[in-house]
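A.B. asks: One structure coming up, written as structure tokens, with questions to follow.
Take a look at the structure:
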């Protein structure tokens, strides 16, 4: 497996047929392109980590386009820690018999505002997609997460699902979710779910009875969700990078 | 709306299509003209002998309508020529309270729809609107004695002006959107229903709205006030014949459910396939009150309909159950909105849609949790059946939360009929079409079972008729 970082000035990355690659995309770091297209060939194995740098300048608007060739298998992780006002548009277009797994995580606290528009378009038949997002919002932070599955006519035998989970950790936190389905083929499975969570009174009481303060209990909840996300990233150094960003934010 | 048995025995297709193919002579159209302007609005108000405040409201709405834009989302409305719609046409000179007094051709229309028969058998009261005016209205004596008011809104404006004025277009203001403004300018007929405190009406009340003439618009206004601890069930049905020329329905339904009251609003909308159905429905639900919406949307070329429950009081709850069937050339853009403004409120939304033969079904919903809505809970379940390769389904739910204690869950699925289920039923001797219809009826059963039996049977029959030829 080749490990590769997005280089300054790159606007288009082409991954050749059959390649096995881990791609790190640190958005907001100096010279990281705001707009980037990634073309994945046929039969590739791609792991793609999109990391929204905590030091990202505000306001920030980014765009990513991912085109996946037939028969490829893709895991993507998106970790959002941007400061201030950040927005990102991601369009993923999937070919035939693609396996696509996406996990996203965001933790917004203080005055950050995050807006993500994530469009996943199944253009050819026989592909599978699983999309999971866990988001935590604390203090006066705001987040809007729009995630859409589109299955075009002819993309039969698609099997896809979106799950969005939102945790509001303070009375002032604000969240908006819009999981969408746009289906133009009939022999498909397309599903989505969206739900909100909070620290239940009973859970807080239990943790406090064990000597934890409310803020410690909240930190525990955040770390728990973050660790589950980070554990799925294959590379230890990137798991640590994610947890370091969470710790910094806490 | 239940069909008379005799009509059903003549053949299901005939009975069903008679709603869309039969129309009556419309000589009364010579007294009106298409298009909406201040002259037409003043004419409507003058015809009804309305108080000045109502004319003023109409003119304010007209001004808003002229400046408002068409929505920049949803189905394409650009081909609807609003200047070619006739906004007001009066087919009869006075309302009847006995079917014997209704002109025969109009009565025949409602006979075919089964309204007089249902009135005898199962209903507490009936209103029947034909074009722009209510031609028949009745209420059983026992409910009148309890203080229930069930009248044509034009009549209620005269008999209960203060009450109407207190509530009229307070739930659906004309500023809400372009078609609310249009409605505010051109509304005519509709229903006024008032249930006094503590009264329980244990039989459904029904209104039926029929458009007849070509290029007609119908803008009935339904205003319902359910006082504290009261309870009732109201059903609306509607249809229009097909001409190949656009018609427009932009009605409004406003419902005020006071503390601890319970109200169910059921509707079966079956406009012809050249009608634009741009209805607005909204309920304000107070402390401890419960609101239920049960709806079936068949017919129409384009429907845009999103019944909304505003849960204003602590502990207010709402259920939304709906089914939409979209066939060739149709777009059913329907859904539900629940706005939680108070603590301990809850909403439950179950929507089913079926698309076939190139039809397009869209679920469009909103769950909005205000900062004050502690412990609000909401559950949304949308399921879509796409029966062939030509058809489409979209699900566009928006979930906005500003309260950390709210518990929200939304789930949606889209797919086709299960092939194993089809195979099993066919192995038991059913044809593919019969098996498909049976599975689809089972799919919508959670909604249909909430209707009175006669309406449930009718909705199932409409599904079966829509399913004919759907195999593929």
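Protein chains in written order, with this note's numbering: chain Z, 5 to 254; chain C, 11 to 482. Yeah, the Cβ is synthetic: ideal placement off N, Cα and C, and Gly gets one too.
Residue 473(C) versus chain Z: which residues are under 9 Å apart at the beta carbon?
C.D. replies: Neighbours of residue 473(C) on chain Z: none; closest Cβ ~18 Å, over 9 Å.
A.B. asks: Name the one or two DSSP bridge partners that residue 407(C) has.
C.D. replies: Paired residues: 375(C).
A.B. asks: Could you check which residue in 339(C), 70(C), 201(C), 465(C) has the C-alpha nearest to that of residue 312(C)?
C.D. replies: When each option's Cα is compared against that of residue 312(C), the closest is 339(C).
A.B. asks: At 4 residues or longer, and completely inside the stretch 42–92 of chain C: list those alpha helix (DSSP H) runs for me, N to C.
C.D. replies: Complete alpha helix (DSSP H) runs here, min 4: 48–58, 62–77.
A.B. asks: Any Cβ of chain C within less than 9 Å of the Cβ of residue 245(Z)?
C.D. replies: No, residue 245(Z) lies away from the interface with chain C (no Cβ there is under 9 Å from its Cβ).
A.B. asks: Kindly list, in the order they appear in chain D, the residues whose Cβ is closer than 8 Å to that of residue 106(C).
C.D. replies: The chain labelled as chain D is not found among the protein chains of the depicted structure, namely Z and C.
A.B. asks: With DSSP as the reference, please indicate the residues paired to residue 81(Z) in a beta bridge.
C.D. replies: Per DSSP, 53(Z), 107(Z).
A.B. asks: Determine the direct distance from the alpha carbon of residue 427(C) to that of residue 480(C), and round the result to whole angstroms.
C.D. replies: In this predicted model, residue 480(C) has a pLDDT of only 49, less than 50, meaning its place in the structure is not dependable; the value taken from the coordinates is given anyway. Going from the Cα of residue 480(C) to the Cα of residue 427(C) covers about 12 Å.
A.B. asks: Residues of the stretch 47–58 of chain Z with a CB closer than 8 Å to any CB of chain C: list them in chain order, please.
C.D. replies: Correct list: empty, as no residue qualifies.
A.B. asks: Can you give, in chain order, each stretch of the alpha helix (DSSP H) that sits fully within the stretch 310–397 of chain C and has at least 4 residues?
C.D. replies: With a minimum length of 4 residues, no continuous alpha helix (DSSP H) run stays inside the stretch 310–397 of chain C.
A.B. asks: Just to make sure I have the definition right: I need the residues of chain Z whose C-beta is within less than 7 Å of the C-beta of residue 426(C). Which are they?
C.D. replies: The contacting residues are 190, 191.
A.B. asks: If you count every other CB in all the chains shown that lies within 10 Å of the CB of residue 83(C), and 16 or more means buried, which is it?
C.D. replies: By the neighbour-count rule (16 or more Cβ atoms within 10 Å), residue 83(C) is not buried but exposed.
A.B. asks: For residue 237(C), I'd like the list of residues in its chain whose CB is within less than 7 Å of its CB, leaving aside the five on either flank, ordered along the chain.
C.D. replies: Only 205, 206, 207, 268, 271 meet the Cβ criterion.
A.B. asks: Rounding to the nearest angstrom, what Cα-Cα distance links residue 49(C) and residue 59(C) in this structure?
C.D. replies: The straight-line gap from Cα to Cα measures roughly 15 Å.
A.B. asks: Between the Cα of residue 74(Z) and the Cα atoms of 23(Z), 168(Z), 254(Z), 120(Z), which residue gives the shortest distance?
C.D. replies: Answer by Cα proximity: 23(Z).
A.B. asks: Please confirm if residue 405(C) has its CB atom under 9 Å from at least one CB of chain Z.
C.D. replies: With 9 Å as the cut-off, residue 405(C) counts as an interface residue toward chain Z.
A.B. asks: Answer yes if the stretch 376–383 of chain C comes into contact with the stretch 408–420 of chain C, meaning at least three C-beta pairs across the two stretches below 8 Å, and no otherwise.
C.D. replies: Yes: at least three Cβ pairs fall under 8 Å.
A.B. asks: Closest Cβ-Cβ distance between residue 200(Z) and chain C: below 9 Å?
C.D. replies: With 9 Å as the cut-off, residue 200(Z) counts as an interface residue toward chain C.
A.B. asks: Report the rounded CA-to-CA distance for residue 430(C) versus residue 398(C), giving the unit in angstroms.
C.D. replies: The alpha-carbon atoms of residue 430(C) and residue 398(C) are separated by roughly 17 Å.
A.B. asks: Taking buried to mean at least 16 other C-beta atoms within 10 Å of its own C-beta, is residue 213(Z) buried or exposed?
C.D. replies: Result: exposed.
A.B. asks: How about residue 65(Z) and residue 92(Z): are their beta carbons less than 9 Å apart?
C.D. replies: Result yes, Cβ atoms of residue 65(Z) and residue 92(Z) sit closer than 9 Å.
A.B. asks: With distances taken Cα to Cα, identify the nearest neighbour of residue 57(C) among 308(C), 370(C), 462(C), 98(C).
C.D. replies: That would be 98(C), whose Cα lies nearest to the Cα of residue 57(C).
A.B. asks: What would DSSP say about residue 452(C), mapped onto helix, strand or coil?
C.D. replies: DSSP places residue 452(C) in helix when its eight states are reduced to three.
A.B. asks: Here's the rule I'm using: 16 or more other beta-carbon atoms within 10 Å means buried, otherwise exposed. How should residue 244(Z) be labelled?
C.D. replies: Residue 244(Z) comes out exposed.
A.B. asks: For residue 273(C), which beta-bridge partners are listed by DSSP?
C.D. replies: In the DSSP output, where bridge partners are listed per residue, residue 273(C) has 242(C), 301(C).
A.B. asks: Please list the residues of the stretch 24–43 of chain Z that have a C-beta atom closer than 9 Å to any C-beta atom in chain C, keeping them in chain order.
C.D. replies: Residues: none.
A.B. asks: When you compare only the Cα positions, how much space is there between residue 243(C) and residue 79(Z)?
C.D. replies: Approximately 52 Å between the Cα atoms of the pair.
A.B. asks: Which first and last residues belong to the alpha helix (DSSP H) in which residue 96(Z) is found?
C.D. replies: It is not in any alpha helix (DSSP H) - residue 96(Z) instead sits in the beta strand (DSSP E) that spans 89–98.
A.B. asks: Do you know how far the Cα of residue 142(C) is from the Cα of residue 229(C)?
C.D. replies: Answer to the nearest angstrom: the Cα atoms are 7 Å apart.
A.B. asks: Under the DSSP definition of a beta bridge, which residues are partnered with residue 228(C)?
C.D. replies: DSSP lists 259(C) as partners of residue 228(C).
A.B. asks: Helix, strand or coil, according to DSSP, for residue 420(C) in the structure here?
C.D. replies: Strand, per DSSP.
A.B. asks: Which residue wins for smallest C-alpha separation from residue 138(C), given the options 248(C), 424(C), 44(C)?
C.D. replies: Among 248(C), 424(C), 44(C), the Cα nearest to that of residue 138(C) belongs to 248(C).
A.B. asks: Just to check, is the beta-carbon of residue 249(Z) closer than 8 Å to a non-hydrogen atom of the ligand PLP?
C.D. replies: Within the structure as shown, the ligand PLP is missing, as the structure has no ligands at all.
A.B. asks: In whole angstroms, give me the CA-to-CA distance for residue 216(Z) and residue 298(C).
C.D. replies: Going from the Cα of residue 216(Z) to the Cα of residue 298(C) covers about 37 Å.
A.B. asks: Helix, strand or coil, according to DSSP, for residue 136(C) in the structure here?
C.D. replies: In this structure, residue 136(C) counts as strand in the three-state DSSP scheme.
A.B. asks: Which two residues bound the contiguous beta strand (DSSP E) that contains residue 216(C)?
C.D. replies: 215–220 is the span of the beta strand (DSSP E), which, as asked, contains residue 216(C).
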